[in-house]
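For the sequence shown, position 35 (counting from the first letter as 1) is numbered 34 according to numbering that gives the first Met the number 0, and the numbering increases by one without interruption.
Before any comments, here is the structure.
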Amino acid sequence: MINILLFAQMQEEVGKEKIAVEMEKTTVKELKEYLQMHYKLTQLNESMVAVNEAYALENDEVKTGDTVAIIPPVSGG
Numbered sequence: 000m001i002n003i004l005l006f007a008q009m010q011e012e013v014g015k016e017k018i019a020v021e022m023e024k025t026t027v028k029e030l031k032e033y034l035q036m037h038y039k040l041t042q043l044n045e046s047m048v049a050v051n052e053a054y055a056l057e058n059d060e061v062k063t064g065d066t067v068a069i070i071p072p073v074s075g076g
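So, in structure tokens, the structure goes:
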């Protein structure tokens, strides 16, 4: 099980702060594709991803027991 933490608009779109995904081993890119297919998150492509509190790249591995944070773009004035 991979735990996904959501923030801001993505949290509102899903209706939860976190979701759990039944995957053994994958990459950040594949996980984002899965989330897009199942949840249609509008800011997913522009978001940063952290795995176990460290920023991750598209080809980085994600495995059972990991916590993945999807960090949306920040805007302000």
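The beta carbon of each residue, even a glycine, is placed where N, CA and C say it ideally should be.
Would you identify the three-state DSSP class for residue i, choosing helix, strand or coil?
| i | result |
| --- | --- |
| residue 48 | strand |
| residue 43 | helix |
| residue 73 | coil |
| residue 60 | strand |
| residue 24 | strand |
| residue 30 | helix |
Quick check on the burial criterion: 16 or more other C-beta atoms within 10 angstroms. Buried or exposed for residue i?
| i | result |
| --- | --- |
| residue 47 | exposed |
| residue 19 | exposed |
Only counting the same chain, and skipping five residues up and downstream in sequence, which positions put a Cβ closer than 6 Å to that of residue i?
| i | result |
| --- | --- |
| residue 68 | 4, 49 |
| residue 38 | 13 |
Relative to the C-alpha of residue i, which candidate in the options has its C-alpha closest?
| i | options | result |
| --- | --- | --- |
| residue 40 | 21, 59, 12 | 12 |
| residue 61 | 34, 24, 53 | 24 |
| residue 57 | 10, 15, 43, 27 | 27 |
| residue 29 | 59, 70, 54 | 59 |
| residue 8 | 55, 21, 16 | 16 |
| residue 66 | 52, 6, 73, 44 | 52 |
Please work out which residues of its chain come closer than 7 Å, Cβ to Cβ, to residue i, disregarding the five sequence neighbours upstream and downstream, and give them in chain order.
| i | result |
| --- | --- |
| residue 35 | 43 |
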